[in-house]
Amino acid sequence: MADSGMTRRTLLRGGAALAGAVALSRARTAHAGPVEDHPTLVVFWLNGGPAGLFNSAGSFLPTGAFGVTHDNVRTLGNDLYVDAGSLGALPEVARAHMASVNFRHGVLRPHDHARAAVLETGGHSQLLRMAAAMPGGGPIRCALVNDLGFPKGISAGPPAEAGVSLEFVMAFDAVKDPGLDDVRAAYGARPGDWIRDASGTFAAVEGLVRAGASVIFAQPAYTGQADRQFDTHGDDTGVVARTVMAPITPLLAKFLERTMALPGRNVVTMLVGEFSRTVPASDHEPGGTATVIGKHVRTGTAGPQRADGSPPDNAPPPEGLWAYAAAALRLRHAGFGKNPNPELIV
1 MADSGMTRRT LLRGGAALAG AVALSRARTA HAGPVEDHPT LVVFWLNGGP
51 AGLFNSAGSF LPTGAFGVTH DNVRTLGNDL YVDAGSLGAL PEVARAHMAS
101 VNFRHGVLRP HDHARAAVLE TGGHSQLLRM AAAMPGGGPI RCALVNDLGF
151 PKGISAGPPA EAGVSLEFVM AFDAVKDPGL DDVRAAYGAR PGDWIRDASG
201 TFAAVEGLVR AGASVIFAQP AYTGQADRQF DTHGDDTGVV ARTVMAPITP
251 LLAKFLERTM ALPGRNVVTM LVGEFSRTVP ASDHEPGGTA TVIGKHVRTG
301 TAGPQRADGS PPDNAPPPEG LWAYAAAALR LRHAGFGKNP NPELIV
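Laid out in structure tokens, this is it:
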């Protein structure tokens, strides 16, 4: 028989090398630490701009603006005061990981310019930029949910980012979650295919989270003015703003409780609109304050709104809000610049 060159010594050496390679691979894996959870950013757009009574309530306690009193405020710690009946009524896991993050865009009017200042930059969608910076994994990378679509002023056909395009999810058949029937039942979503109300919206968004979507955008409010539900001019008592928020709160609470418990997921939820509101008259301020909730968010505030409803003077431009969201999502190279609020990240 011809000598193949495969001697016993060669086999032993090969086996030792293989064992060493396996051991080295295991050591490197252990040294690298745990694999990051799959990230998803959910943006609930409060169209028109919500009053700071929701996420900066302490700013209005001294004057009682927006109807804020010691009886309807909840303190969450680290200088964060919220409206007790809305954000203060969310589950404990959300209250323990909630931050108010300011931004200043300098736009007073019209609404569409202010919206673009928050959701777009240089003709590019901030949503698509974020989705492109995130790992894939689901059939839909960046989703726009329900029949309300984008608010006026935001392009419904933004250019793709690194091959990621916006996908419209107006009906449940686009949500590729095998457990969608159970999810719909949890929110009491009405029968039918179209997503045309708040309960259906939250069900569809959760289904997309479970299906591995990267970024999901939805308007959750089906009360108030049809095209700018939170544009509550003259609402010095905060009654109108609270009325618009009331049907959203229990659905949001259920959504956060369910999605923050998903294993292997890092779901970051952002509630934001184009403005905050002035004191008095509940008019437009040239910036706003977003509420961000997620497992890596440290409860607190980047700086409470001023007594007149405006964001603090040191509030960054909207790009800073997206940089903060990227940090909460644990994205290392998202392209939004330095996180202006590292103290609010766990």
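Numbered by my numbering, the letters in the sequence shown go through residues 1 to 346 in order.
The C-beta atom is built at its ideal place from N, Cα and C for all residues, glycine as well.
Note that the structure is a prediction, hence the values are computed from the model and not measured.
Report the rounded CA-to-CA distance for Leu76 versus Asp83, giving the unit in angstroms. Within the sequence shown, residue 76 is the residue found at index 76, counting from 1. Within the sequence shown, residue 83 is the residue found at index 83, counting from 1. Going from the Cα of Leu76 to the Cα of Asp83 covers about 10 Å.
Could you spell out where the alpha helix (DSSP H) holding Pro318 opens and where it closes?
-> The count along the sequence shown starts at 1 and reaches residue 318 at position 318. Residues Pro318 to Ala328.
- Item | Close Cβ partners of Phe54 (< 6 Å) along its chain, the five nearest in sequence each way excluded | As a first step, residue 54 is located in the sequence shown; it is residue number 54 there, counting from the start. Taken in chain order, the residues that qualify are Asp83, Ser86 and Leu87.
If we count Cβ pairs, one from each stretch, closer than 8 Å, do we get three or more for the stretch 62-76 versus the stretch 250-269? Too few Cβ pairs lie closer than 8 Å, so no.
* Which of helix, strand or coil DSSP assigns to Arg26 -> Residue numbering aside, residue 26 sits at position 26 when the sequence shown is read from its first letter. Residue confidence for Arg26 is low, a pLDDT of 35 falling below 50, so the modelled location carries little weight; the figure read from the coordinates is stated next. Note: Arg26 maps to helix in three-state DSSP.
Whose C-alpha, out of Pro110, Pro159 and Ala89, is nearest the C-alpha of Gly122? Looking up residue 122 in the sequence shown gives position 122. Measuring from the Cα of Gly122, the nearest candidate turns out to be Pro159.
TODO: Rounded to whole angstroms, what's the CA-CA distance from Pro286 to Ala211? Just pull it up for me.
DONE: Within the sequence shown, numbered from 1, the residue matching residue 286 stands at position 286. Within the sequence shown, numbered from 1, the residue matching residue 211 stands at position 211. Roughly 37 Å separates the two Cα atoms.
Got a sec, what are the start and stop residues for the beta strand (DSSP E) Thr291 sits in? What you label residue 291 is simply residue 291 of the sequence shown in a count that begins at 1. Taken as a continuous stretch (DSSP letters only), the beta strand (DSSP E) holding Thr291 covers Gly287 to Ile293.
Subject >> Nearest-angstrom Cα separation, counted from Arg141 out to Val215 >> reply: Taking the sequence shown and counting its residues from 1, one reaches residue 215 at position 215. Taking the sequence shown and counting its residues from 1, one reaches residue 141 at position 141. Roughly 6 Å separates the two Cα atoms.
Tell me which residue opens and which closes the beta strand (DSSP E) that Phe172 is part of. Within the sequence shown, numbered from 1, the residue matching residue 172 stands at position 172. First-last for Phe172: undefined, no H or E at that position.
Which parts of the stretch 50-112 are runs of the alpha helix (DSSP H), unbroken and 4 residues or longer, counting only runs that do not cross its ends?
92-95
Spatial distance of Gln229 from Asp193 (CA atoms)
Locating residue 229 in the sequence shown gives position 229, counting from the first residue. Locating residue 193 in the sequence shown gives position 193, counting from the first residue. A straight-line Cα-Cα distance of about 24 Å links Gln229 and Asp193.
* Asked: Contact check, Met260 vs Val42 under 8 Å by CB: the rounded distance?
  -> By 1-based counting over the sequence shown, the position of residue 260 is 260. By 1-based counting over the sequence shown, the position of residue 42 is 42. The C-beta separation of Met260 from Val42 comes to about 11 Å, leaving the pair out of contact by the 8 Å criterion.
By DSSP, does Val279 sit in helix, in strand, or in coil?
Within the sequence shown, residue 279 is the residue found at index 279, counting from 1. Val279 falls in the coil class under three-state DSSP.
Fill in: Glu36 burial status per 10 Å Cβ neighbour count (16 or more: buried)
For the purposes of this step, residue 36 is identified with residue 36 of the sequence shown, where counting begins at 1. The residue in question, Glu36, is exposed, as its Cβ has fewer than 16 Cβ neighbours within 10 Å.
| request: Within the same chain, show all residues whose beta-carbon is closer than 6 Å to that of Gln183, passing over the 5 residues directly before and after it, in chain order. | output: Counted from its first residue, the sequence shown places residue 183 at position 183. Here residue 183 turns out to be Val, not Gln, going by the sequence shown. Excluding positions up to five away in sequence, the list reads Ala203, Glu206 and Gly207.
Practice prompt. To the nearest angstrom, report how far apart Arg109 and Leu166 are at their CA atoms.
Written response: The residue given as residue 109 occupies position 109 in the sequence shown. The residue given as residue 166 occupies position 166 in the sequence shown. The alpha-carbon atoms of Arg109 and Leu166 are separated by roughly 27 Å.
DSSP three-state call for Ser125: helix, strand or coil?
-> Position 125 of the sequence shown, counting from 1, holds the residue named residue 125. Strand at Ser125.
For this session: Take the Cβ of Gly52 as the centre, count every other Cβ of all protein chains shown within 10 Å, and call the residue buried at 16 or more, exposed below.
Result: Translated into the one-based positions of the sequence shown, residue 52 becomes position 52. When all chains shown are included, Gly52 counts as buried.
Check: Quick one: what does DSSP say Phe150 is sitting in, helix, strand or coil?
Finding: Residue numbering aside, residue 150 sits at position 150 when the sequence shown is read from its first letter. Residue state, collapsed to three classes: coil.
* **Of the listed residues Asn72, Ala57, His97 and Thr69, nearest to Glu257 (C-alpha basis)** => Counting from one through the sequence shown, the residue named residue 257 turns up at place 257. Ranking the options by Cα distance to Glu257, first place goes to His97.
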